[in-house]
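Number of protein chains: 2
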Amino acid sequence: MRALVYEGEVRLKDIPVPKRAPGEALIKVLAAGICNTDLELRRGYMGYRGVQGHEFVGIVEEGRNSFLVGKRVVGEINCPCHQCHYCRMEMPQHCLNRTVLGIQGRQGAFAEYLTLPEENLHLAPAGVRDDVAVFTEPLAAAFRITEQVVITNSDRVIVLGDGKLGQLIAQVLWLQTKNLVCVGKHRWKLTMLEELGIKTVQADQPLERGADVVVDATGNGQGIERAIELVRPEGTIVMKTTVAHPTALELSLPVVNEITFVGSRCGPFRPAIEALSLGNVEVRPMISEAYDLSMAETAMRRAEDPGVMKILLHM
Amino acid sequence: MRALVYEGEVRLKDIPVPKRAPGEALIKVLAAGICNTDLELRRGYMGYRGVQGHEFVGIVEEGRNSFLVGKRVVGEINCPCHQCHYCRMEMPQHCLNRTVLGIQGRQGAFAEYLTLPEENLHLAPAGVRDDVAVFTEPLAAAFRITEQVVITNSDRVIVLGDGKLGQLIAQVLWLQTKNLVCVGKHRWKLTMLEELGIKTVQADQPLERGADVVVDATGNGQGIERAIELVRPEGTIVMKTTVAHPTALELSLPVVNEITFVGSRCGPFRPAIEALSLGNVEVRPMISEAYDLSMAETAMRRAEDPGVMKILLHM
Chain A
1 MRALVYEGEV
11 RLKDIPVPKR
21 APGEALIKVL
31 AAGICNTDLE
41 LRRGYMGYRG
51 VQGHEFVGIV
61 EEGRNSFLVG
71 KRVVGEINCP
81 CHQCHYCRME
91 MPQHCLNRTV
101 LGIQGRQGAF
111 AEYLTLPEEN
121 LHLAPAGVRD
131 DVAVFTEPLA
141 AAFRITEQVV
151 ITNSDRVIVL
161 GDGKLGQLIA
171 QVLWLQTKNL
181 VCVGKHRWKL
191 TMLEELGIKT
201 VQADQPLERG
211 ADVVVDATGN
221 GQGIERAIEL
231 VRPEGTIVMK
241 TTVAHPTALE
251 LSLPVVNEIT
261 FVGSRCGPFR
271 PAIEALSLGN
281 VEVRPMISEA
291 YDLSMAETAM
301 RRAEDPGVMK
311 ILLHM
Chain E
1 MRALVYEGEV
11 RLKDIPVPKR
21 APGEALIKVL
31 AAGICNTDLE
41 LRRGYMGYRG
51 VQGHEFVGIV
61 EEGRNSFLVG
71 KRVVGEINCP
81 CHQCHYCRME
91 MPQHCLNRTV
101 LGIQGRQGAF
111 AEYLTLPEEN
121 LHLAPAGVRD
131 DVAVFTEPLA
141 AAFRITEQVV
151 ITNSDRVIVL
161 GDGKLGQLIA
171 QVLWLQTKNL
181 VCVGKHRWKL
191 TMLEELGIKT
201 VQADQPLERG
211 ADVVVDATGN
221 GQGIERAIEL
231 VRPEGTIVMK
241 TTVAHPTALE
251 LSLPVVNEIT
261 FVGSRCGPFR
271 PAIEALSLGN
281 VEVRPMISEA
291 YDLSMAETAM
301 RRAEDPGVMK
311 ILLHM
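First to last, the protein sequences are chains A and E.
The letter at position 40 of the first sequence is residue 40 when you use the working numbering, and the numbering goes up by one with no holes.
The letter at position 164 of the second sequence is residue 164 when you use the working numbering, and the numbering goes up by one with no holes.
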């Protein structure tokens with residue numbers, strides 16, 4: 001099969017179709033999305049080499065569960081061992097021996113086929129198009145925040161970052177509270193949110209401090225500093241940014257103000273699928289370009305361009 | 001009255017007895033403790049100048065509440081305005097206009113007299129000696145953790161730091177769980193905890209990772225890095241260290257592991273007084289030396305010595 005393989009550089013190669021292990025399904029990929037994590041992996045993050053890609057929709061070709069075969073599915077990316085301490089503590093997403101689709105020890109979705117445990121799969125509703133269904137995984141990461149922090153409609157929320165993840169987070173938290181503002185550097189990206197009715201502020205403009213919750217989805221080390229300035233005493237900062245290098249932080253203010261910081265990673269698929277199916281989140285304007293898998297090398301280069309948002313691959 | 005005044009350097013001076021404002025009591029100080037914050041203030045922290053000292057026990061000499069007059073009391077150090085946004089949100093300890101005894105806008109306890117709002121005062125039980133009662137304020141700061149983080153007897157807790165605050169925290173959290181270890185650099189300080197039955201580990205020795213809660217009370221910037229290594233995924237790090245300079249932190253691990261950080265400052269006096277009164281916390285071994293107020297300049301110099309723990313002043 002054709003697959004985009006990262007081995008120091010990304011190359012479209014012909015490699016064997018992956019073999020499904022017991023409990024796994026073989027999935028023919030229909031479409032996949034390029035994530036900033038894919039770009040970071042190429043800068044050495046996680047030290048991963050192999051087929052990249054973890055946002056996808058596909059058709060189950062083979063599996064033990066005959067109900068699933070032939071169905072269109074999306075899939076959770078963390079594959080736990082079910083035996084380690086954290087698996088036994090019901091924290092499979094933090095399994096010590098986990099593989100992660102296209103990120104850690106498991107060939108990813110920029111290929112014609114992938115394998116995943118059947119338990120990781122969710123049906124893609126008929127009304128959700130392929131190019132929308134690929135957003136399930138990053139949208140689930142946005143919904144993760146609602147599992148970690150109680151946000152009510154009286155809370156004031158600031159989302160820092162107008163990129164792909166920031167936009168999804170702003171849309172998800174907008175479902176919880178209308179007292180929300182998204183802060184970003186790019187006028188055209190902020191306009192996309194404003195067209196949905198979400199308030200935005202340009203990053204260089206003044207902003208009222210004292211927010212109950214601030215989410216750092218800037219993707220850079222300065223985001224958390226800004227979040228510390230903006231959050232109220234005893235407020236919460238959600239950390240979504242993963243940068244490979246250390247960040248210099250003045251920590252006495254967060255101690256004196258008794259701020260809570262919460263790291264936040266992958267999230268629940270069910271509310272993400274529901275939101276896409278019900279139209280509560282609008283992702284189509286975020287799709288900048290789509291390429292055939294044969295053009296995957298070009299697509300990866302395009303994804304580096306700050307002038308684009310989501311780049312999709314069709315297999 | 002005599003008072004130890006910081007104005008670029010600390011000097012014992014003769015200054016007027018402070019005047020009590022409406023709602024305040026005038027308190028004759030019996031004894032006061034020197035805290036690391038007092039030393040940091042002299043390095044420029046908070047930009048405070050004036051009489052230092054915020055750990056004290058004293059006798060109410062004047063006040064509107066006749067019940068209090070003549071009573072021996074300890075006092076909470078944050079004096080809120082009762083009018084700002086955070087006061088109205090029931091967070092007086094984060095009042096925007098607060099004064100803080102001996103730290104911000106209010107003359108402190110290294111003096112013969114101080115004033116505090118009557119509402120800040122708590123009776124010192126008869127069975128609690130002066131040199132024990134002065135520990136109420138730092139002990140309350142240790143108890144603050146139990147208001148912020150649920151710790152049950154099945155939780156594994158690591159306290160980083162064997163200094164004055166680390167010891168109080170270890171003793172307080174030991175009341176919650178016996179699955180606790182205090183990590184420190186000083187054999188003699190760790191021995192003090194071991195004599196109370198609390199497990200300790202020398203900082204350069206290996207330590208099992210995966211703790212549910214790690215408290216950083218090291219007082220230096222490296223503590224939080226160690227805490228990140230030691231805490232389990234979805235675990236909690238309590239931040240007690242305030243250092244004036246920025247700390248370089250690798251933040252992608254705490255995001256991936258979804259760690260929670262909680263800043264923690266001043267705490268509730270009631271459980272602290274109870275613990276001192278009931279003997280659930282043992283502070284007397286922590287008293288290294290005691291000086292008369294006339295020797296306060298010497299006492300402050302002695303407090304800088306890493307070979308001492310608590311230095312007391314008697315007025």
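Glycine is no exception: its CB is placed at the ideal position from the N, C-alpha and C atoms.
Under the criterion of beta carbons closer than 8 Å, G267 (chain A) and E119 (chain A) do not qualify as touching, at roughly 17 Å. Excluding its 5 nearest sequence neighbours in each direction, V214 (chain A) has C-beta neighbours in its own chain below 6 Å: I158, A227, L230, V231, I237, listed in chain order.
Close to G102 (chain E), with beta-carbon spacing below 7 Å, lies no residue of chain A; the smallest spacing is near 15 Å. In this structure, A25 (chain E) sits away from G70 (chain E), with a CB-CB distance that is not shorter than 8 Å. Rounded to whole angstroms, A124 (chain E) and L101 (chain E) show a C-alpha spacing of 18 Å. Looking at the backbone, the Cα of P246 (chain E) and that of F67 (chain E) are separated by about 47 Å. In summary, the residues of the stretch 242-270 of chain E whose CB is separated from some CB of chain A by less than 7 Å are T242, V243, A244, P246, T247, A248, L249, E250, L251, S252, P254, V255, V256, N257, E258, I259, T260, F261, V262, G263, S264, R265, in the order they occur in the chain. Distance from the Cα of V51 (chain E) is smallest, within the candidate group E:M89, E:P18, E:E137, E:V128, for E:P18. Just measuring C-alpha positions, the residue of E:M300, E:Q107, E:M89, E:V134 sitting nearest N36 (chain E) is E:M300. Distance check between Y86 (chain E) and each of A:V57, A:A211, A:V128 places A:A211 closest, using alpha-carbon atoms only. Per DSSP, the unbroken beta strand (DSSP E) holding Q202 (chain E) starts and ends at 199-202. Taking a beta-carbon distance threshold of 8 Å, P138 (chain E) does not count as an interface residue toward chain A.
Under the Cβ distance rule, E234 (chain A) counts among the residues neighbouring chain E, one pair being separated by less than 8 Å.
Under the 10 Å beta carbon count, L249 (chain A) is surrounded by 16 or more other beta carbons and is classified as buried. Linking A244 (chain E) to H122 (chain A) through their CA atoms gives a straight-line distance of about 50 Å. Beta-bridge pairing by DSSP links V283 (chain A) to no other residue.
By the neighbour-count criterion, in which a residue is buried when 16 or more other Cβ atoms sit within 10 angstroms of its Cβ, K310 (chain A) is buried. Relative to the Cα of R43 (chain A), the nearest Cα in the group A:L313, A:M315, A:H314, A:E304 belongs to A:E304. Not one beta carbon of chain A lies nearer than 8 Å to the beta carbon of I77 (chain E).
A142 (chain A) sits close to L168 (chain A), with the two beta carbons spaced by under 8 Å.
Taking 8 Å as the threshold, the shortest C-beta distance from I224 (chain E) to chain A falls below it.
Pairing I34 (chain E) with G108 (chain E), the inter-Cα distance amounts to about 11 Å. In this structure, L313 (chain A) sits near F110 (chain A), with a CB-CB distance shorter than 8 Å. The DSSP assignment places complete beta strand (DSSP E) segments of no fewer than 3 residues inside the stretch 186-270 of chain E at 199-202, 211-216, 231-239, 247-249, 260-263, in order along the chain. By the C-beta density criterion, P22 (chain E) is exposed, having fewer than 16 other C-beta atoms within 10 angstroms. Using a Cβ-Cβ cut-off of 7 Å, H94 (chain E) is close to P233, E234, N257 of chain A, given in chain order. For F56 (chain A), the beta-bridge partners assigned by DSSP are A:A32.
Per DSSP, the beta bridge partners of I311 (chain A) are A:I34, A:E289. Within chain A, the residues P233, E234 have their CB atoms less than 7 Å from the CB of M91 (chain E), given in chain order.
At a cut-off of 8 Å between beta carbons, M239 (chain A) contacts chain E. Chain E has no Cβ within less than 8 Å of the Cβ of Y291 (chain A). Chain A has no Cβ within less than 8 Å of the Cβ of Y48 (chain E).
With a threshold of 8 Å between beta carbons, Y113 (chain A) makes no contact with chain E. Residue contact check for Y6 (chain A) against chain E: no CB pair falls below 8 Å.
For R88 (chain E), the uninterrupted alpha helix (DSSP H) segment begins and ends at 85-88.
If the five residues before and after F269 (chain E) are omitted, its C-beta is found closer than 7 Å to the C-beta atoms of V74, E76, H122, T136, A140, all from its own chain and listed in chain order.
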